[in-house]
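Asker:
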Amino acid sequence: MNGETAWAVYETRLRRVSAHIHAHLDEELDMDRLADIACMSSYHWHRVYRAIYGETAAATVKRLRLHRAAGDIVGTDLSVSEIAKRSGYPNVQSFNRIFKAVYGMPPARYRREGSHKLFETHRGKASHMFDVQIRAIPDTSLVGVPHQGSYLQIGQAFEQLFGTLYARGQARPDMRMIGVYLDDPDLVAEDKLRSVACVSADAAAPAAAPLERRAISGGEYAVLRHKGPYAEMHKAYKWLYAEWLPKSGRQLRDALMFEEYLNNPRDVAPSELLTDIHLPLV
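Just so you know, the working numbering puts 226 at position 9 of the sequence shown, and the rest follows in order with no gaps.
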């Protein structure tokens, strides 16, 4: 088997397992079954998975379920018991305990008092002031994997992206992790939303499928640093458009917004996640 064929097979295995995990979050996920999907022995597969992704498959499942649950708590009226059941927990008590351990407070309190509440406006004023910096950003070349569906699920595309880069020997520690969002979620149905999970890359870097080339348009951007879970960021976007932009005296430029992720959800608690939201300006 030559090198190109070897990485293609390996890459396909990673993609199959990631797709299965994301498609079956509502179900009991058997770790040996994931090894079967990867067509490897359980003994070897779990070590390979951890080497590539930096966490066990079980940790990935737990993190993704809680991430989706946080989105449901912030963005829907589903009861905590419904969210617990949808997240695969046997009872509300175990869900509350695990959610609190990761997010710092139980689900019901998180819905009332989570950091997303800081971006809500009261009588025309936000309950907190936020630092927005104006930065000049150069043209930046990217490679990425496209995603269609909820923006909160772009993590699946990032997993495919990094699995592909590692399998091909193209991953570098200095790559910046960037999400590019192509549609307005207030105008486009959730299942039709288009986004691209990207990393910075040399313009001459290989980009065979499923990778595609993208670029960030250089110019001035208003940059808001968001600290906290990704599930809360839609509130920050609304604050930028409804509060900051009208008072700034600046105008929007016809270019795409993007997010740069400054740390990794595998390495830090959700409350410590740092994201720079970039709004293009004339």
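All C-beta atoms in this analysis are idealised placements derived from N, C-alpha and C, irrespective of residue type, glycine included. As the structure is a prediction and not an experimental result, all values here were calculated from the model.
Since I believe V397 is in contact with L199 (beta carbons under 8 Å), could you give me their beta-carbon distance rounded to a whole number of angstroms?
Answerer: Residue coverage of the chain in this structure runs from 218 to 499, which leaves residue 199 outside it and unanswerable.
Asker: Less than 9 Å separating the beta-carbons of E437 and V349?
Answerer: Here residue 437 is taken as the residue at index 220 of the sequence shown, counted from 1. Here residue 349 is taken as the residue at index 132 of the sequence shown, counted from 1. No, Cβ-Cβ distance for E437 and V349 is not below 9 Å.
Asker: Using the C-alpha atoms, what's the distance from L428 back to A420?
Answerer: Here residue 420 corresponds to residue number 203 of the sequence shown, with the count starting at 1. Here residue 428 corresponds to residue number 211 of the sequence shown, with the count starting at 1. Those two C-alpha atoms are separated by around 13 Å.
Asker: Does DSSP put V405 in a helix, a strand or coil?
Answerer: Within the sequence shown, numbered from 1, the residue matching residue 405 stands at position 188. V405 falls in the coil class under three-state DSSP.
Asker: Which same chain residues end up closer than 7 Å to R393 when comparing Cβ atoms and leaving out the 5 residues on each side of it in sequence?
Answerer: Taking the first residue of the sequence shown as position 1, residue 393 is located at position 176. Apart from sequence neighbours up to five positions away, the residues of its chain that approach R393 with a beta-carbon distance below 7 Å are V416, S417 and E477, ordered along the chain.
Asker: Could you tell me the boundaries of the alpha helix (DSSP H) in which A425 lies?
Answerer: As a first step, residue 425 must be located in the sequence shown, where it is residue number 208. From DSSP, A425 is part of no alpha helix (DSSP H); its letter is neither H nor E.
Asker: Let me know if E407 comes out buried or exposed under the rule of 16 or more other beta-carbons within 10 Å of its beta-carbon.
Answerer: As a working note, residue 407 is residue 190 in the sequence shown. With fewer than 16 Cβ atoms within 10 Å of its Cβ, E407 is classed as exposed.
Asker: Give me, in chain order, the residues of the same chain whose beta-carbon lies closer than 8 Å to that of H339; leave out the 5 immediate sequence neighbours on both sides.
Answerer: To locate residue 339, count along the sequence shown from 1; it is residue 122. Residue placement at H339 cannot be trusted, given a pLDDT of 46 that sits under 50; what the coordinates show is reported in the next sentence. Cβ neighbours of H339 beyond the five flanking positions: none.
Asker: Would you check if the distance between the CB atom of R411 and the CB atom of D403 is smaller than 9 Å?
Answerer: Locating residue 411 in the sequence shown gives position 194, counting from the first residue. Locating residue 403 in the sequence shown gives position 186, counting from the first residue. The beta carbons of R411 and D403 sit no closer together than 9 Å.
Asker: Within 10 Å of its beta-carbon, does A245 have 16 or more other beta-carbons around it, so buried, or fewer, so exposed?
Answerer: Taking the sequence shown and counting its residues from 1, the one referred to as residue 245 is at position 28. In the sequence under discussion, the amino acid at residue 245 is Glu, which differs from the Ala named in the question. Answer is exposed; the Cβ neighbour count stays below 16.
Asker: Can you list, in chain order, the residues of its chain whose CB lies under 6 Å from that of L251, leaving out five sequence neighbours each side?
Answerer: Along the sequence shown, read from residue 1 onward, the residue named residue 251 stands at position 34. Closer than 6 Å at the Cβ level, and outside the excluded window around L251, lie V234 and A274.
Asker: DSSP three-state call for M394: helix, strand or coil?
Answerer: Walking along the sequence shown from the start, residue 394 turns up at place 177. Looking at M394 - three-state DSSP - the assignment turns out to be strand.
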